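Colleague: Each residue of the sequence shown is one higher than the one before, starting from 49 at the first, in the numbering used here.
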Amino acid sequence: MAIKKVFVLTRTPEFFMKHDFIPTSKTLLPEKVLKDCDQCPRQHACDEVALEVNLVEQIIAKMNVA
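(1) State the Cα-Cα distance for the pair Ile107 and Thr60, rounded to the nearest angstrom.
(2) According to the Cβ coordinates, are Leu103 and Lys53 closer than 9 Å?
(3) In terms of alpha-carbon separation, which member of Phe69, Val56, Met111 and Glu62 lies closest to Pro78?
(4) Going by CA-CA distance only, name the one from Glu105, Ala109 and Asn112 that's closest to Ile51.
(5) Within a Cβ cutoff of 6 Å, which residues of the same chain sit near Val101, ignoring the five residues on either side of it in sequence?
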């Protein structure tokens, strides 16, 4: 099984965007993540940003550059 996408919830999106992560919607993340958010004391004032990177696209882009 290959990992195709990686996602993060972060308060420092700039760092991840330097590494080709792009914004995504929290509603598109796996159900477990949203369930974990239910327990968070900041859930009603969440300041985390959801980002993802498509690893397949990254590999293809690097192959086309080489």
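For each residue, glycine too, the CB sits at the ideal point set by N, CA and C.
All figures in this text were calculated on a predicted structure; none of them were measured in a lab.
Modeller: In this structure, then:
(1) Mapped onto the sequence shown, residue 107 falls at position 59. Mapped onto the sequence shown, residue 60 falls at position 12. Rounded to the nearest angstrom, the two C-alpha atoms are 25 Å apart.
(2) Taking the first residue of the sequence shown as 1, we reach residue 103 at position 55. Taking the first residue of the sequence shown as 1, we reach residue 53 at position 5. Contact flag set, yes.
(3) For the purposes of this step, residue 78 is taken as the residue at position 30 of the sequence shown. Answer by Cα proximity: Val56.
(4) By one-based count along the sequence shown, residue 51 stands at place 3. For Ile51, the nearest C-alpha among the options comes from Glu105.
(5) On the sequence shown, position 53 is the one that residue 101 refers to. Same-chain partners within the cutoff: Val54, Asp68 and Phe69.
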